[in-house]
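In the numbering used here, the protein residues as written are 1 to 150.
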């Protein structure tokens, strides 16, 4: 979702040239029920026993994928080939560069209700940095719904 904001330029960590372990371990995701009314929203009301069972299976899968990746790279398989066995939620790092207007629009759009939870959390963290770096502008933007005091 982040890279859909075309007014930014991006630079992302490459699993082709660096080992994924540099970014930490693969985190087991929070599991939520799909909202039937808003496809970008999810609801945290799944049966806790079901969540525990799925997360145990996910941990096993992640562990096996990491072990296979390690075995492949230790055997000399190119990182660009070995990375294909890693889960989609493997950690990454991305740098975004944009104008003030782009950042204001991004925060207003993505920090609001209805945005996917993980993306909303990123937008709120961006807003904290924005408020620290541009306090006068942030104060002037309090009329915009997403620009509430953080």
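Even glycine gets a Cβ: it sits at the ideal position worked out from N, Cα and C.
Per-residue DSSP class, three states only, for residue i
| i | result |
| --- | --- |
| residue 72 | helix |
| residue 104 | helix |
| residue 92 | coil |
| residue 54 | helix |
| residue 4 | helix |
| residue 40 | coil |
| residue 34 | strand |
| residue 47 | coil |
Check whether residue i and residue j have beta carbons under 8 angstroms apart
| i | j | result |
| --- | --- | --- |
| residue 111 | residue 127 | yes |
| residue 13 | residue 3 | no |
| residue 123 | residue 106 | yes |
| residue 91 | residue 43 | no |
| residue 138 | residue 131 | yes |
Cβ-based burial, residue i [other Cβ within 10 Å; buried from 16]
| i | result |
| --- | --- |
| residue 115 | buried |
| residue 129 | exposed |
Paired residues, beta bridge with residue i - DSSP
| i | result |
| --- | --- |
| residue 97 | 9 |
**OP:** Please determine if the stretch 101-109 and the stretch 27-45 are in contact, where contact requires at least 3 C-beta pairs separated by less than 8 angstroms.
**Re:** Counting Cβ pairs under 8 angstroms, fewer than three are found: no touch.
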